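Below is one structure; the comments refer to it alone.
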Amino acid sequence: MKYKIIKIFFLLFFFLTLLIFKLSRISVNENLNNSALKQTYYNVEISKIRGMIYDCNNLPLVGTKKKLFALVNPRAENFLNILNCAKKDKNIYDKIKQEKPFIIEIDKKSDYSNIDIFELPVRSKKEISSLHMVGYVNGENNGVCGIEKAYNDFLKSDNKIEVKYKVNANGKIILNDKYRVIDKLYISNKGIKTSIDKEQQCVVEKIARKHIKKGAVIVSEVPNCEIRACVSLPTFFTKKMCESLEDAESPFLNRALSSYNVGSIFKLLVAGVYLESGFDKDFPYNCKGYYELSCGRKIHCFSGKPHGNLDLKNAIAFSCNSYFSRISKELKPEILLDYAKKLGLGQKTKLGPDFYGNNGNLPSLKQLEDEKNLAIFCFGQGQLLATPIQIAAFINAIASGGYYSPPRIVLGIIDENMKYNPEIFEKSIKCFEKETINSLKDYMLASMEYGTSAKGQPENYDAAAKTSTAQTGIFKDGKRISQFWYAGFYPFKKPKYCITIISEGEGENSSPCPKVFKEIVENLRI
Numbered sequence: 000m001k002y003k004i005i006k007i008f009f010l011l012f013f014f015l016t017l018l019i020f021k022l023s024r025i026s027v028n029e030n031l032n033n034s035a036l037k038q039t040y041y042n043v044e045i046s047k048i049r050g051m052i053y054d055c056n057n058l059p060l061v062g063t064k065k066k067l068f069a070l071v072n073p074r075a076e077n078f079l080n081i082l083n084c085a086k087k088d089k090n091i092y093d094k095i096k097q098e099k100p101f102i103i104e105i106d107k108k109s110d111y112s113n114i115d116i117f118e119l120p121v122r123s124k125k126e127i128s129s130l131h132m133v134g135y136v137n138g139e140n141n142g143v144c145g146i147e148k149a150y151n152d153f154l155k156s157d158n159k160i161e162v163k164y165k166v167n168a169n170g171k172i173i174l175n176d177k178y179r180v181i182d183k184l185y186i187s188n189k190g191i192k193t194s195i196d197k198e199q200q201c202v203v204e205k206i207a208r209k210h211i212k213k214g215a216v217i218v219s220e221v222p223n224c225e226i227r228a229c230v231s232l233p234t235f236f237t238k239k240m241c242e243s244l245e246d247a248e249s250p251f252l253n254r255a256l257s258s259y260n261v262g263s264i265f266k267l268l269v270a271g272v273y274l275e276s277g278f279d280k281d282f283p284y285n286c287k288g289y290y291e292l293s294c295g296r297k298i299h300c301f302s303g304k305p306h307g308n309l310d311l312k313n314a315i316a317f318s319c320n321s322y323f324s325r326i327s328k329e330l331k332p333e334i335l336l337d338y339a340k341k342l343g344l345g346q347k348t349k350l351g352p353d354f355y356g357n358n359g360n361l362p363s364l365k366q367l368e369d370e371k372n373l374a375i376f377c378f379g380q381g382q383l384l385a386t387p388i389q390i391a392a393f394i395n396a397i398a399s400g401g402y403y404s405p406p407r408i409v410l411g412i413i414d415e416n417m418k419y420n421p422e423i424f425e426k427s428i429k430c431f432e433k434e435t436i437n438s439l440k441d442y443m444l445a446s447m448e449y450g451t452s453a454k455g456q457p458e459n460y461d462a463a464a465k466t467s468t469a470q471t472g473i474f475k476d477g478k479r480i481s482q483f484w485y486a487g488f489y490p491f492k493k494p495k496y497c498i499t500i501i502s503e504g505e506g507e508n509s510s511p512c513p514k515v516f517k518e519i520v521e522n523l524r525i
């Protein structure tokens, strides 16, 4: 019996030792240990802010402002202080019932016991430059459109400040114990660097809103087609989203990236192809106000009035449809389409990840085998569509000496230490020879000095431009709806900026675009 008791004792001792050993192994298990640590804290997120969107000079394009937040410990003796502090919060009683610390927005600083005040940055809905390009965020802090959407994952990273409270074995918060603040808001310095120049953007927005109801204005810098200002009108109001959504003028539409009928600006491309093909720029033609096709159909000039004897230069200056209908007979459709594609027409304009301008449209080669379609195409009508940003890149190709550069809006990223990491861009493509470009510039100068672009001639600056009036075939209250274009560059000898303007308007002589071009040139710094 004695020996049995000893055996049982040693057997129990062995199992007890084995159990203690296993428990000690479990207690040091890394995963379980981390879980246990997590259970000893209760987290309160004080604020979370997105990364910034900067202009080309590292100035913020999105507004931030300071707001006051109170971190409240819901003690019974602190009840009145809490109510005074949170007059605006409709859910204050529900928060108090939970008996856990919570965060509320307040109007002013006050010295309440057990209430800590934080002054923190938040995204402002008021001050956003280049609103359509930058975009906006929804209530869940996600980008809805523009750069905010394209770079949402990068901008919505772990930029926050939070507070950790210790809890006891029953999961109750130990309110008497000092909380721990974890501040990662410094990360919010990081962001996207754009080509927008905030100062120029403000100037262009002010001028555009004065003259244009519906349309777009783009200012790009030569030679890389970096977009310095971009305006789409009408604009929307981030504080009045419902009203903007119901607006029949579609203020959310980014018209800078939308497709329009092109019109006579396309004559510059056709003239370039004509010269590159070796034809005579002094080719004489007598405009009678129309051109008669072999089928007997007549294609009329815009005014219907004869332009008389013209060469290529004056055909551009006076925007003669008949002249370009005539030279269409000399041009091969496949070569015209090839040049148009090299200059970015008929394809999406990539501005960032999943951030594109519309394709526009080019007619098919088969469509251009028809004499009428080819003639109409050569003065920019028919199936041809393009976006203002595509036209901006085309004008930039002329101003930069014949090299096409895809438009640039995002230049790169900036990290939390404000270190800039530039984007890698596609190389520029040579489209026209120098001699051809010199001729095209000369034609645009003639248009500015005595042709259809003369109304936009700025004071004290030599500029060159080309107009378009694209007829949509749509009527409103008996008036024809037209799309007015005005695109050019300045200074003439050493181009610095290209300006592209479109206005959706009524009538045939109501274009505000020349005034916009003139005022922008006279107000922008060089």
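Going by numbering that gives the first Met the number 0, the residue at position 292 of the sequence shown is 291; the numbering climbs one at a time, nothing skipped.
We treat Cβ as the ideally placed atom computed from N, Cα and C, and that holds for glycine.
These numbers were taken from a predicted model, which means no experiment stands behind them.
Checklist entry - What residue from S446, L119, K99 and S302 has the CA that sits closest to K108's CA? => result To locate residue 108, count along the sequence shown from 1; it is residue 109. The option with the nearest alpha carbon to K108 is L119.
Checklist entry - Looking only at C-alpha atoms, which of S293, C286 and D310 sits nearest to H299? => result The residue you call residue 299 lines up with position 300 of the sequence shown. The candidate whose alpha carbon is nearest that of H299 is C286.
Checklist entry - Whose C-beta lies closer than 7 Å to the C-beta of L364 among residues of the same chain, with five residues either side of it excluded? => result Counting from one through the sequence shown, the residue named residue 364 turns up at place 365. Leaving aside the five residues that flank L364 on each side, the residues in its chain whose CB is nearer than 7 Å to its CB run, in chain order, P332, E333 and L336.
Checklist entry - Quick one, which of A374, I501, A463 and I191 has its alpha-carbon nearest S293's? => result Position 294 of the sequence shown holds residue 293. Nearest option by C-alpha distance: A374.
Checklist entry - Counting along the chain, where does the beta strand (DSSP E) carrying L232 start and finish? => result The residue labelled residue 232 in the question sits at position 233 within the sequence shown. It spans E225 to L232 - the beta strand (DSSP E) in which L232 sits, taken as one unbroken run.
Checklist entry - Can T499 and I390 be called in contact, C-beta distance under 9 Å? => result Translated into positions along the sequence shown, residue 499 becomes position 500. Translated into positions along the sequence shown, residue 390 becomes position 391. With contacts defined as CB atoms closer than 9 Å, T499 and I390 qualify as a contacting pair.
Next on the checklist: Need the endpoints of the alpha helix (DSSP H) that H539 sits in, please.
Outcome noted: There is no way to answer for residue 539, as the model of the chain reaches only from 0 to 525.
Item to check | Limits of the beta strand (DSSP E) - the one that P332 falls within | outcome: The residue given as residue 332 occupies position 333 in the sequence shown. Counting along the chain, P332 falls outside any beta strand (DSSP E), though it belongs to the alpha helix (DSSP H) covering P332 to K341.
Checklist entry - By a C-beta neighbour count over all protein chains shown, 10 Å radius and 16 as the cutoff for buried, is Q97 buried or exposed? => result As a working mapping, residue 97 is identified with position 98 in the sequence shown. Flag for Q97 reads exposed.
Item to check | Assigned exposure category for P421 - 16 Cβ within 10 Å defines buried | outcome: Locating residue 421 in the sequence shown gives position 422, counting from the first residue. Within a 10 Å sphere around the beta-carbon of P421 sit fewer than 16 other beta-carbons, which makes this residue exposed.
Item to check | Of the residues G504, I408 and A464, the one placed nearest R479, counting alpha carbons only | outcome: Here residue 479 refers to the residue found at position 480 of the sequence shown. The option with the nearest alpha carbon to R479 is G504.
Checklist entry - Which ranges does the alpha helix (DSSP H) cover as unbroken runs of at least 4 residues, wholly within the segment 368-419, from first to last along the chain? => result The DSSP assignment places 370-376 and 387-398 as complete runs of the alpha helix (DSSP H) inside the segment 368-419, in order along the chain (cut-off: 4 residues).
Next on the checklist: Comparing C-alpha positions only, which one of K280, I127, K163 and Y290 sits nearest to E147?
Outcome noted: The count along the sequence shown starts at 1 and reaches residue 147 at position 148. When only C-alpha atoms are compared, the closest one is I127.
Next on the checklist: For A270 and S318, what's the separation of their Cα atoms in angstroms?
Outcome noted: Taking the sequence shown and counting its residues from 1, the one referred to as residue 270 is at position 271. Taking the sequence shown and counting its residues from 1, the one referred to as residue 318 is at position 319. The alpha-carbon atoms of A270 and S318 are separated by roughly 12 Å.
Checklist entry - CA-CA distance, E415 and G190? => result Reading the sequence shown from its first residue, position 416 is the one you call residue 415. Reading the sequence shown from its first residue, position 191 is the one you call residue 190. E415 and G190: Cα-Cα distance of roughly 8 Å.
Item to check | Under 9 Å between C-beta atoms of C229 and I408 | outcome: By 1-based counting over the sequence shown, the position of residue 229 is 230. By 1-based counting over the sequence shown, the position of residue 408 is 409. Yes. Within cutoff.
Checklist entry - Among all the DSSP beta bridges, which residues are the ones paired with S128? => result The sequence position of residue 128 within the sequence shown is 129, counting from 1. Partner(s): none; S128 has no beta bridge.
Checklist entry - Measuring CA to CA, which of N357, P352, G351 and L350 is closest to L344? => result Your numbering for residue 344 matches position 345 in the sequence shown. For the residues N357, P352, G351 and L350, the minimum Cα distance to L344 belongs to N357.
Checklist entry - What separation, rounded to the nearest whole angstrom, lies between the Cα atoms of T183 and I48? => result Here residue 183 corresponds to residue number 184 of the sequence shown, with the count starting at 1. Here residue 48 corresponds to residue number 49 of the sequence shown, with the count starting at 1. Here residue 183 is Lys; the residue named in the question, Thr, does not match the sequence. Rounded to the nearest whole angstrom, the CA to CA distance from K183 to I48 is 10 Å.
Item to check | DSSP three-state assignment for L31, whether helix, strand or coil | outcome: The count along the sequence shown starts at 1 and reaches residue 31 at position 32. Note that L31 scores a pLDDT of 46, beneath 50, so its modelled location is shaky and nothing firm can be said.
Next on the checklist: Helix, strand or coil, according to DSSP, for E434 in the structure here?
Outcome noted: For the purposes of this step, residue 434 is taken as residue 435 along the sequence shown, with counting starting at 1. Looking at E434 - three-state DSSP - the assignment turns out to be helix.
Item to check | Coarse secondary structure for G277, derived from DSSP in three states | outcome: Taking the first residue of the sequence shown as position 1, residue 277 is located at position 278. Here G277 sits in coil by DSSP.
Checklist entry - What residue does the alpha helix (DSSP H) around N313 start on, and which one ends it? => result By one-based count along the sequence shown, residue 313 stands at place 314. Start and end: L311 to A316.
Item to check | Own chain, CB closer than 7 Å to Q200, minus 5 neighbours either side, in chain order | outcome: One-based indexing of the sequence shown puts residue 200 at position 201. Cβ neighbours of Q200 beyond the five flanking positions: S128, S129 and A228.
Checklist entry - Which same chain residues, not among the five before or five after I525, have their C-beta less than 6 Å away from its C-beta? => result Against the sequence shown, residue 525 aligns to sequence position 526. Cβ neighbours of I525 within its own chain (closer than 6 Å, five residues either side excluded): K495.
Item to check | Terminal residues of the alpha helix (DSSP H) in which A149 lies | outcome: Here the question's residue 149 lines up with position 150 in the sequence shown. Here the alpha helix (DSSP H) through A149 covers G145 to A149.
Item to check | Closest residue to V203 among A396, R179, L232 and N223 (Cα-Cα distance) | outcome: Taking the sequence shown and counting its residues from 1, the one referred to as residue 203 is at position 204. The candidate whose alpha carbon is nearest that of V203 is L232.
Checklist entry - Thinking C-alpha only, which one of H131, A385 and G450 is nearest G347? => result Here residue 347 corresponds to residue number 348 of the sequence shown, with the count starting at 1. Per the sequence presented here, residue 347 reads as Lys, with Gly not at that position. Ranked by how close their Cα comes to the Cα of K347, the residues H131, A385 and G450 have A385 in first place.
Checklist entry - What are the start and end residues of the alpha helix (DSSP H) that includes E521? => result Sequence index remark: in the sequence shown, residue 521 carries index 522 (1-based). Start and end: C512 to N522.
Next on the checklist: According to DSSP, is K347 part of a helix, a strand, or is it coil?
Outcome noted: Reading the sequence shown from its first residue, position 348 is the one you call residue 347. Coil at K347, not helix or strand.
Checklist entry - Within 10 angstroms of its Cβ, does R296 collect 16 or more other Cβ (buried), or is it exposed? => result By one-based count along the sequence shown, residue 296 stands at place 297. Exposed is the call here.
Item to check | Backbone CA spacing between D54 and L350 [nearest angstrom] | outcome: Here residue 54 is taken as the residue at index 55 of the sequence shown, counted from 1. Here residue 350 is taken as the residue at index 351 of the sequence shown, counted from 1. Each residue's Cα considered, the two are about 15 Å apart.
Item to check | Identified DSSP bridge partners for R179 | outcome: Within the sequence shown, residue 179 is the residue found at index 180, counting from 1. R179 pairs with K163.
Item to check | C-beta neighbour in chain D for P421, strict 9 Å | outcome: Protein chains in the displayed structure number just one, and chain D is not present.
Checklist entry - What three-state label does DSSP hand K94 in the structure shown? => result For this step, residue 94 is matched to residue 95 along the sequence shown. The answer is helix: DSSP assigns K94 an H, G or I state.
Item to check | Selection from Y485, P222, V61 and F393 that minimises the alpha carbon distance to S446 | outcome: In the sequence shown, the residue the question calls residue 446 occupies position 447. Ranking the options by Cα distance to S446, first place goes to Y485.
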